[in-house]
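Novice:
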Amino acid sequence: MDYARQATVVLLFLISRAFVSCLDQESDANRWSNGTSSAKDDESDVDLETDHGDDELPNEPDLVERGIKDLWIASMVLIIIFSVSGNGLITYAVFRYKTLRRPCFFFLFNIALADLVRSLVCFPFVITSVVASDWVYGKFLCEILAFFNVYLPYGSLYTLCLISIERYVVLRWHRFHRQKLKGLGSLLCVLSAWALAVSTAFPPVFNFEAYGYIPTEHQCTFRHRSINRANDTLLFLLFFVLVTALIHVFYLRVFFFMRAHRRMRPLEFIPAVSSTWTFYGPGSTGQAAANWFQGFRQGPTPPPLVGLAPPSVRGEPTVPSADFHQEEKVTRLTFSISVAHGVMWSPYIIYSFLKVFRANLQLPIAFVSIATWLTFLQVCVNPILCMVHVPEVRRCVLAASSSEDVERRNRDQRNGVI
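When you line the sequence shown up against mature numbering (1 follows the signal peptide of the UniProt record, and there is no 0), it's residues -22 to -1, 1 to 396, in that order.
1) Would you list the one or two residues that DSSP bridges to residue 402?
2) Out of curiosity, what's the CA-to-CA distance linking residue 104 and residue 193?
3) Give every residue of the same chain whose Cβ lies closer than 6 Å to the Cβ of residue 88, excluding the five residues on either side of it in the sequence, and list them in chain order.
4) Contact between the segment 100 to 115 and the segment 43 to 56 is defined here as three or more beta-carbon pairs at a separation below 8 Å; is this criterion met?
5) Please state if the CB of residue 100 and the CB of residue 127 are separated by a distance shorter than 9 Å.
6) In three-state terms, what does DSSP make of residue 218?
7) Taking residue 361 as the reference, give the member of 311, 326, 74 and 217 with the closest Cα.
8) Taking 8 Å as the threshold, find out whether the segment 74 to 93 comes into contact with the segment 347 to 366 through three or more Cβ pairs.
9) In terms of residues, what are the limits of the alpha helix (DSSP H) holding residue 96?
10) Within this structure, are the beta carbons of residue 149 and residue 309 separated by less than 9 Å?
11) Check for me: the alpha helix (DSSP H) holding residue 344 runs from which residue to which?
12) To the nearest angstrom, report how far apart residue 58 and residue 102 are at their CA atoms.
13) Would a C-beta distance cut-off of 9 Å place residue 132 and residue 174 closer than the cut-off?
14) Let's test the definition: count the other Cβ atoms within 10 Å of the Cβ of residue 141 and tell me whether it reaches 16, buried, or not, exposed.
15) If you follow the alpha helix (DSSP H) that residue 172 is in, where does it begin and where does it stop?
16) Express the C-alpha separation of residue 42 and residue 84 in angstroms, rounding to a whole number.
17) Comparing C-alpha positions only, which one of 187, 238, 237 and 178 sits nearest to residue 216?
18) Could you tell me the distance, in whole angstroms, from the CA atom of residue 226 to the CA atom of residue 119?
19) Tell me whether residue 353 is buried or exposed, calling it buried when 16 or more other Cβ atoms sit within 10 Å of its Cβ.
20) Pick out whichever of 55, 146 and 323 has its Cα sitting closest to the Cα of residue 218.
21) Using the rule of at least 16 other Cβ atoms within 10 Å of the residue's Cβ for burial, across every protein chain shown, is residue 160 buried or exposed?
22) With 16 other CB atoms within 10 Å as the buried threshold, where does residue 135 fall?
23) Check for me: the alpha helix (DSSP H) holding residue 137 runs from which residue to which?
24) Got a sec? Which residues, its chain only, sit under 7 Å from residue 60 by beta carbon, not counting five neighbours each side?
25) May I ask which residues mark the beginning and end of the alpha helix (DSSP H) holding residue 359?
26) With a Cβ-Cβ cutoff of 9 Å, do residue 203 and residue 334 count as a contact?
27) What separation, rounded to the nearest whole angstrom, lies between the Cα atoms of residue 332 and residue 339?
28) Do residue 82 and residue 228 count as a contact pair if the criterion is CB distance below 9 Å?
29) How big is the Cα-Cα spacing for residue 347 and residue 40?
30) Just verifying my parser: in three-state terms, what is the DSSP assignment at residue 48?
31) Ignore the nearest five residues each way along the sequence and tell me which others in residue 68's own chain have a CB closer than 8 Å to its CB.
32) Assign residue 29 to one of two classes, buried (16 or more other C-beta atoms within 10 Å of its C-beta) or exposed (fewer than that).
33) Relative to the C-alpha of residue 326, which residue among 189, 235 and 343 is closest?
34) CB-CB under 8 Å to residue 328, same chain, minus the five flanking residues each way: which ones, in chain order?
35) Assuming residue 214 contacts residue 200 under a Cβ cut-off of 8 Å, what Cβ separation, rounded to an integer in Å, is found between them?
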């Protein structure tokens, strides 16, 4: 937990510095406005006591706006702290323990790393934008952050698609999965997901109007422009929806496959047929073969052990029963992560589609703020689901937070226990 505390302290220091810089800029702006209006103030004959009395009582809309700002800042700070600690512990657990060094958990590590980078790189600027009520860092930095705000979520989305495909392959073609999808194969899959994310986020860089600051979202991202104008917004949204639909199609195939496995007929034994001690027919067993080799060779050659073979069922899994139950638990975890990802992003996708097809529609600011905030909150969901659904991950995360458990695991690993 030392590195998590250090990262939290550094993050809070950076946020405080950004907050102080924003306040300095606001004070400079106030000084300039006061200097330009000093001549007018000297000429006016307004009662100063009355003015001071009015300034001491702020309006109700100002109080509401200030409360919303405080709520935004507090929630974003909590999201950053929880995301850094939770996703950091997941990345540590995957690298630390051999039991988690599997393709599925490598993909989950990739998602945790993307959420961790997004929390450290993008979210502090959201806080400063809320404090300053505007973007104060220039157009170039805004375009860079907009690139990361598209690149990192799409990288996580493509990784979720890889996980859904991997879940189907591990249950349907278990031997192929164990032989081909090892360390190098998993690395190539992850690199392909990030290459697709780059191909999605990089082309708008050459379009100077594609990325920009959205005041209602307090972030730099792609502009929600009307369908009547040439833009990439609709392509972004359609690609997001299609990949999400593909993820759930693969999980639907996985659950159909698992349901067929649970409804398999039990092992059936067909009685052997014997007229001359040869035990021929579909129920013949090893005794028929033994009698045939001992000289009782009347009749046809017996097919031994046919009666002990289970009935053939279409879609029978190749994965062993013990591994099947373990993979089923991991599949529940990954499916819950995919569902949570879709639920968190659905309001924002709906809002983006409305801005594309109904550009003149004035949406409530509360709806836009909540939809955007849910996309920020999504980075905290994966650590919670990992600890809830998989006891192994929960034990690893709890062990990582205790120095005594870490020392014991290191000692066991040196002794060859792990």
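Cβ coordinates follow ideal geometry from the N, Cα and C atoms, glycine included.
Specialist: This is what the structure gives:
1) Residue 402 lies beyond the stretch modelled for the chain, which goes from -22 to 396, so this question has no answer here.
2) 10 Å
3) 137 and 168
4) yes
5) yes
6) helix
7) 311
8) yes
9) 81 to 99
10) yes
11) 343 to 355
12) 8 Å
13) yes
14) buried
15) 161 to 179
16) 45 Å
17) 178
18) 36 Å
19) buried
20) 323
21) exposed
22) buried
23) 117 to 150
24) 358
25) 359 to 367
26) yes
27) 8 Å
28) no
29) 18 Å
30) helix
31) 86, 87, 90, 360, 361, 364, 371 and 375
32) Residue confidence for residue 29 is low, a pLDDT of 45 falling below 50, so the modelled location carries little weight and cannot support an answer.
33) 343
34) 349
35) 6 Å
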